[in-house]
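*Asks:* There's a structure below that I have some questions on.
Protein chains in written order, with this note's numbering: chain Z, 1 to 445; chain D, 1001 to 1262.
So this is what it looks like as structure tokens:
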């Protein structure tokens, strides 16, 4: 148990030996490949990795300007072997602890950058309790966070000394609580994680305090999609086991101050969390955040039941494909009967719907009979943005991004007209419609 | 073929396990093999839909494991091809309905009667995954050139232990690889450190054929049928050069232009 405290080093997900191959093989291969999407995650030689570090953070909006630049310039000055990560970032054997600290709290690094490079791995990794993660303690709530972190170390040490087991039961604060949504689908790969990350970001843009929870213990990906994989040090199981407090496990988004991620454990099993634990965690989050989005694992096993347990409402994601719709139907039936569920139809390819080879929005709704929360067109913007760890809602002019922003607005109770991408009115279809007097393709409510 | 129980797995969902299982099975049957496709996704079965056999299910793998029917009764013969059979999953049950020991028993029974047993694994690494992998001799890990899919594939490779595992790199978009927005096949193979069994380009034909329950490999005139046939031959131990594929040939030429060498 205490091994897990050590963070990234113990989160090895690689089969033995492949980490070495990674470092050796990848560095030489991808130098020629030119297809290095996220060199710091998947591959990269020294040059391109450094490039990526300079390239990444400025992609998103960075209101914390000077601080993030400080962190960034330090990132660039890293020697190539430090910047080179493994395929799963956790598997980066050669990564030094120093890099983690740099990525997590640029200000902290700026303060004592002198001793930074010399800090041995064992010190940084072995004693996380002595230096709790201070996640970018700048901005207006900087002071508050700094003090939380300072007392946290004492609290944690006291707790781990008295009870190494599960953390004690909390006395729930009788405050106004936020709403928790579970994003689920049954079938995998329909876009749960992408929807969670993007809707979370859009809700944060709307001025809400948002927490996104990765419930996929063992196969976490929300951190990668949000580009936060290098900042994850603690996870929800650490919180449940009393290794750290909830605040310490939360990772702040790179661009959005009011968006936080609660990561899942990568080297653990879903059986190690039960439904009461999840209810506990989510309830605590709901006291601090306006909205909580829970990214559910695929399937309908234990991980699914855990993810659903803490939520009040469900967002079911499906694609217009027979198998995804069938699984969505099954999931809708497994949700508690008093849980409201709304539907997002993802990856709609308008030209295929027109050709009749893809189910239309109406076809899907006929089968599922759920309230429609959004229709999201398929777009290669998503792949590109996701691979870079940027939300697609930040891609200007992306119809996918707009559809996801609309979803967020609808979650906040706004009445946004539904755009069906398969009925997109280009000038050509508008011309056709005006010539043939067909029914106007108005918004569908 | 020794070690003829092959699990098709991926970790991440939606990368194409079921589509790969169906098409690889069809391709193997077209090569004259006796093939059974086992749907191990109890509760969220889909292999029957992809094969278009959903209306013919009477008994399923849970019934067989619990001894309520004979192997022959649970098997559904695909009338389109001699030698192609489906062992469906139960839809209303839970994955806990079957134990690993029961799955191993089922696999042993099928192994004796068929040339190849392909097991369609559920997404994730929970009980359903352990069940599907339990009786398997070797594995086909399906992945996509995408960070999260590769990460999950890596995790799954670690959980497969000493079994032989080969990769199917699915949904490759050559034009995105060219523009640097997608990882290339070589990069994926390097990261995961395993042999590549096949590369499947992203093709909208798949959506249509899947929705209609007509696996694309059934029609030899389709471009993707050749891809799956080559994959099937490699699975059977034949040496198949990727250049013999039309798509792969083009692929190679493109790579040579972009990268300079293969």
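Glycine is no exception: its CB is placed at the ideal position from the N, C-alpha and C atoms. These figures come from a predicted structure and were not determined experimentally.
Between the C-alpha atoms of residue 364/Z and residue 320/Z, what's the straight-line distance to the nearest angstrom?
*Replies:* Looking at the two C-alpha atoms, the distance is approximately 7 angstroms.
*Asks:* What is the DSSP secondary structure of residue 285/Z, counted as helix, strand or coil?
*Replies:* It is helical.
*Asks:* Cβ of residue 1057/D less than 8 angstroms from any chain Z Cβ?
*Replies:* Answer no: the Cβ-Cβ gap between residue 1057/D and chain Z never drops below 8 angstroms.
*Asks:* Residue 357/Z CB to nearest chain D CB: under 8 angstroms?
*Replies:* Yes, residue 357/Z lies at the interface with chain D (some Cβ there is under 8 angstroms from its Cβ).
*Asks:* For a test of your reading of the model: does the CB of residue 326/Z fall under 7 angstroms from any non-hydrogen atom of the ligand ADP? Yes or no.
*Replies:* In terms of ligand content, the structure shown is empty, and the ligand ADP therefore cannot be addressed.
*Asks:* Given residue 1115/D, which residues of its chain have a CB within under 7 angstroms of its CB, disregarding the five upstream and five downstream residues?
*Replies:* Same-chain partners within the cutoff: 1001, 1004, 1033, 1034 and 1035.
*Asks:* What distance in whole Å lies between the Cβ atoms of residue 1013/D and residue 1155/D, which are believed to be in contact at a cut-off of 8 angstroms?
*Replies:* Not confirmed; about 13 angstroms, so no contact.
*Asks:* Starting from residue 1152/D, find everything on chain Z with Cβ-Cβ shorter than 8 angstroms and list it in chain order.
*Replies:* Here the neighbours are 219 and 221.
*Asks:* How many angstroms separate the CA atom of residue 396/Z from the CA atom of residue 1169/D?
*Replies:* Spanning the two alpha carbons is a distance of roughly 31 angstroms.
*Asks:* Among residues of its own chain, excluding the 5 on either side of residue 330/Z, which ones have a beta-carbon nearer than 8 angstroms to its beta-carbon?
*Replies:* Answer for residue 330/Z: 186 and 300, listed in chain order.
*Asks:* Identify the contact partners of residue 1122/D in chain Z, using a Cβ-Cβ distance below 7 angstroms as the criterion.
*Replies:* 299, listed in chain order.
*Asks:* Quick one: what's got a C-beta closer than 7 angstroms to residue 1232/D's C-beta in the same chain, skipping five residues either side?
*Replies:* Same-chain partners within the cutoff: 1024, 1027, 1028 and 1031.
*Asks:* Could one say the Cβ of residue 286/Z lies closer than 8 angstroms to chain D's Cβ atoms, at least one of them?
*Replies:* Not an interface residue.
*Asks:* For the stretch 294-311 of chain Z against the stretch 264-279 of chain Z, do three or more pairs of beta-carbon atoms, one drawn from each stretch, fall closer than 8 angstroms, so that the two count as touching?
*Replies:* With the cut-off at 8 angstroms, the stretch 294-311 of chain Z and the stretch 264-279 of chain Z touch.
*Asks:* Output the distance between the C-alpha atoms of residue 230/Z and residue 251/Z, rounded to the nearest integer angstrom.
*Replies:* For residue 230/Z and residue 251/Z, the distance between alpha carbons rounds to 10 angstroms.
*Asks:* Establish whether the CB of residue 362/Z and some CB of chain D are separated by less than 8 angstroms.
*Replies:* Chain D, which has no Cβ nearer than 8 angstroms to the Cβ of residue 362/Z, makes this no.
*Asks:* Are residue 1136/D and residue 1098/D close, meaning C-beta to C-beta below 8 angstroms?
*Replies:* Not closer than 8 angstroms, so no.
*Asks:* For a contact meaning CB atoms closer than 7 angstroms, what does residue 1207/D contact in chain Z?
*Replies:* The answer, in chain order, is 321, 352, 357 and 358.
*Asks:* Can you tell me whether residue 340/Z is buried or exposed, with buried defined as 16 or more other CB within 10 angstroms of its CB?
*Replies:* With fewer than 16 Cβ atoms within 10 Å of its Cβ, residue 340/Z is classed as exposed.
*Asks:* Would DSSP call residue 359/Z helix, strand or coil?
*Replies:* The answer is coil: DSSP assigns residue 359/Z none of H, G, I, E or B.
*Asks:* Hey, does residue 193/Z have any beta-carbon neighbour from chain A nearer than 8 angstroms?
*Replies:* Among the protein chains in the structure shown, which are Z and D, there is no chain A.
*Asks:* DSSP on residue 383/Z, reduced to helix/strand/coil?
*Replies:* Reduced to three states, the DSSP call for residue 383/Z is helix.
*Asks:* Please report the distance separating the alpha-carbon of residue 303/Z from that of residue 348/Z.
*Replies:* Straight-line Cα distance between these residues: approximately 27 angstroms.
*Asks:* In the stretch 177-191 of chain Z, which residues sit with their C-beta less than 9 angstroms from some C-beta in chain D, listed in chain order?
*Replies:* Residues passing the 9 angstroms Cβ filter: 185, 186, 187, 188, 189, 190 and 191.
*Asks:* Are the CB atoms of residue 1120/D and residue 1227/D nearer to each other than 8 angstroms?
*Replies:* No, the Cβ-Cβ distance between residue 1120/D and residue 1227/D is not below 8 angstroms.
*Asks:* Quick check: the Cα distance between residue 1219/D and residue 1142/D, rounded to an integer number of angstroms?
*Replies:* When rounded, the distance between both Cα atoms is 22 angstroms.
*Asks:* Check whether chain D comes within 8 angstroms of residue 225/Z, counting only Cβ atoms and requiring the distance to be less than that.
*Replies:* It does: the Cβ of residue 225/Z has a partner Cβ on chain D nearer than 8 angstroms.
*Asks:* Kindly confirm or deny that the stretch 216-235 of chain Z and the stretch 252-264 of chain Z touch, where touching means at least three C-beta pairs closer than 8 angstroms.
*Replies:* Touching, yes, given that three or more Cβ pairs across the two stretches are closer than 8 angstroms.
*Asks:* Expressed to the nearest angstrom, what Euclidean distance is found between the alpha-carbon atoms of residue 1100/D and residue 409/Z?
*Replies:* The straight-line gap from Cα to Cα measures roughly 46 angstroms.
*Asks:* For a cutoff of 8 angstroms on Cβ pairs, would you count residue 270/Z as touching chain D?
*Replies:* Yes, its Cβ sits closer than 8 angstroms to a Cβ of chain D.
*Asks:* Determine whether the Cβ of residue 383/Z lies closer than 8 angstroms to any Cβ atom of chain D.
*Replies:* Yes, because at least one Cβ of chain D sits closer than 8 angstroms to the Cβ of residue 383/Z.
*Asks:* For the stretch 1202-1216 of chain D against the stretch 1047-1054 of chain D, do three or more pairs of beta-carbon atoms, one drawn from each stretch, fall closer than 8 angstroms, so that the two count as touching?
*Replies:* Yes: the two stretches touch, three or more of their Cβ pairs being nearer than 8 angstroms.
*Asks:* Do residue 343/Z and residue 198/Z count as a contact pair if the criterion is CB distance below 8 angstroms?
*Replies:* No. Outside cutoff.
*Asks:* How would you list, in chain order, the residues of chain Z whose beta-carbon sits under 8 angstroms from the beta-carbon of residue 1093/D?
*Replies:* What residue 1093/D touches in chain Z: nothing, since even the nearest Cβ is about 11 angstroms away.
*Asks:* Measure the C-alpha to C-alpha separation of residue 1020/D and residue 314/Z and round it to an integer number of angstroms.
*Replies:* Distance between the alpha carbons of residue 1020/D and residue 314/Z: 31 angstroms.
*Asks:* What is the DSSP secondary structure of residue 304/Z, counted as helix, strand or coil?
*Replies:* Helix.
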